[in-house]
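Residue numbers (my numbering): 1 to 304.
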């Protein structure tokens, strides 16, 4: 039976490693649902699979975009990933692995979204306003066009504000009106898994991974990026924390500590998101069976 195997979970929980081992076992491709691994300039700080791993298993949606272009939205990912899945299955691929920690993107893929238009020119103009004048004029416009969204939106999330304004400008509708439009359904069956680490063990893994990123050249990677002039980077853990460091307003040690802290906080938010799924199968990393064996057992049970 054609099916999707979804591997979700907190950052540093071992999603990519599990997905890779499953892909080799099942001869299945991997679709990345990590909203930062799309970008070819962001490699070390996003814990992207190595070149060797990318050669060993076919991956989709890694290194497909640039930070210098309009960012890939959840709607754009949904449309592109669904098209890719349909194409793969039409060519005889029976199982596909979806791996990533971006719950919003996976939800868009599986559950669909209320149709929300996009326009590169409109988004470009909004991005230009943000870069030149900051977020205040955009908030003023949002307040005029959609007071309800203005009152509820996270003002510390410029990307959410920009996307909302893009939709409102292009559609001529408020976000409440957009949400009344039926979602676009998805027909492929799936099983959803996550790796259930004890909180302190996960935090230890996160701290160690940040140290490994530094050993692999994270600082050198960051030096090559336009930290102050790119909205995506300014909203990405592992990169945004370096801005005070390069402005001589933070020490190296404090910067590393902040990356680790922000990564732990991000993991907490991911775990909160996971608790909203009723179909989630939690894998036990302390079990005598490997994570791969646990997944395969569940897949076999479901096939009987």
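A virtual CB, placed ideally from N, CA and C, is assigned to each residue, including glycine.
In the DSSP assignment, find the beta strand (DSSP E) that holds residue i and state where it starts and stops.
i: residue 3; result: 3-8
i: residue 116; result: Counting along the chain, residue 116 falls outside any beta strand (DSSP E), and DSSP gives it neither H nor E.
i: residue 194; result: 190-195
i: residue 95; result: 95-99
i: residue 289; result: Unbroken run through residue 289: none, as it is neither H nor E.
i: residue 31; result: 30-32
Suppose you measure from the CA of residue i to the CA of residue j; what does that come to, to the nearest Å?
i: residue 197; j: residue 9; result: 10 Å
i: residue 268; j: residue 223; result: 29 Å
i: residue 240; j: residue 159; result: 14 Å
i: residue 73; j: residue 163; result: 8 Å
i: residue 145; j: residue 12; result: 40 Å
i: residue 301; j: residue 190; result: 14 Å
i: residue 245; j: residue 254; result: 9 Å
i: residue 297; j: residue 195; result: 15 Å
i: residue 221; j: residue 43; result: 8 Å
i: residue 149; j: residue 168; result: 10 Å
i: residue 132; j: residue 229; result: 10 Å
i: residue 266; j: residue 92; result: 37 Å
i: residue 280; j: residue 247; result: 43 Å
i: residue 273; j: residue 104; result: 9 Å
i: residue 3; j: residue 41; result: 32 Å
i: residue 28; j: residue 96; result: 5 Å
i: residue 80; j: residue 218; result: 30 Å
i: residue 213; j: residue 250; result: 19 Å
i: residue 20; j: residue 49; result: 9 Å
i: residue 24; j: residue 141; result: 50 Å
i: residue 87; j: residue 188; result: 13 Å
i: residue 305; j: residue 299; result: Nothing about residue 305 can be read from this structure; the chain reaches only from 1 to 304.
i: residue 199; j: residue 290; result: 20 Å
i: residue 94; j: residue 233; result: 36 Å
i: residue 135; j: residue 115; result: 26 Å
i: residue 83; j: residue 202; result: 34 Å
Ends of the alpha helix (DSSP H) at residue i?
i: residue 270; result: 252-274
i: residue 234; result: It is not in any alpha helix (DSSP H) - residue 234 carries neither H nor E in the DSSP assignment.
i: residue 280; result: Note, residue 280: premise wrong, no alpha helix (DSSP H); beta strand (DSSP E) at 280-283.
i: residue 137; result: 136-145
i: residue 186; result: Here residue 186 belongs to no alpha helix (DSSP H), and DSSP marks it neither H nor E.
i: residue 243; result: 242-246
i: residue 158; result: 158-171
i: residue 86; result: 74-90
What whole-angstrom Cβ distance do residue i and residue j have, given they're in contact under 8 Å?
i: residue 101; j: residue 270; result: 6 Å
i: residue 18; j: residue 292; result: 6 Å
i: residue 119; j: residue 170; result: 5 Å
i: residue 243; j: residue 210; result: At roughly 17 Å, the Cβ-Cβ gap does not stay under 8 Å, so residue 243 and residue 210 are not in contact.
i: residue 227; j: residue 183; result: Not quite, the Cβ-Cβ distance comes to about 37 Å (not below 8 Å), so this is no contact.
i: residue 15; j: residue 99; result: 5 Å
i: residue 126; j: residue 138; result: 7 Å
i: residue 47; j: residue 106; result: About 17 Å; that fails the 8 Å criterion.
Does the distance from the CB of residue i to the CB of residue j come in under 9 Å?
i: residue 5; j: residue 22; result: yes
i: residue 238; j: residue 45; result: yes
i: residue 231; j: residue 130; result: yes
i: residue 206; j: residue 264; result: yes
i: residue 85; j: residue 31; result: yes
i: residue 108; j: residue 78; result: yes
i: residue 123; j: residue 70; result: yes
i: residue 147; j: residue 155; result: no
i: residue 225; j: residue 67; result: yes
i: residue 295; j: residue 186; result: no
i: residue 51; j: residue 157; result: no
Compute the minimum distance between the beta carbon of residue i and the heavy atoms of the ligand ATP, and state whether it is under 8 Å.
i: residue 262; result: As far as ligands go, the structure on display features none, and thus does not contain the ligand ATP.
Flag this pair as touching only if the stretch 58-75 and the stretch 37-46 have three or more C-beta atom pairs under 8 Å; answer yes or no. Taking a contact to require three or more Cβ pairs closer than 8 Å, the stretch 58-75 and the stretch 37-46 qualify as touching.
So, does the stretch 173-181 touch the stretch 280-287, judging by three or more C-beta pairs under 8 Å? no
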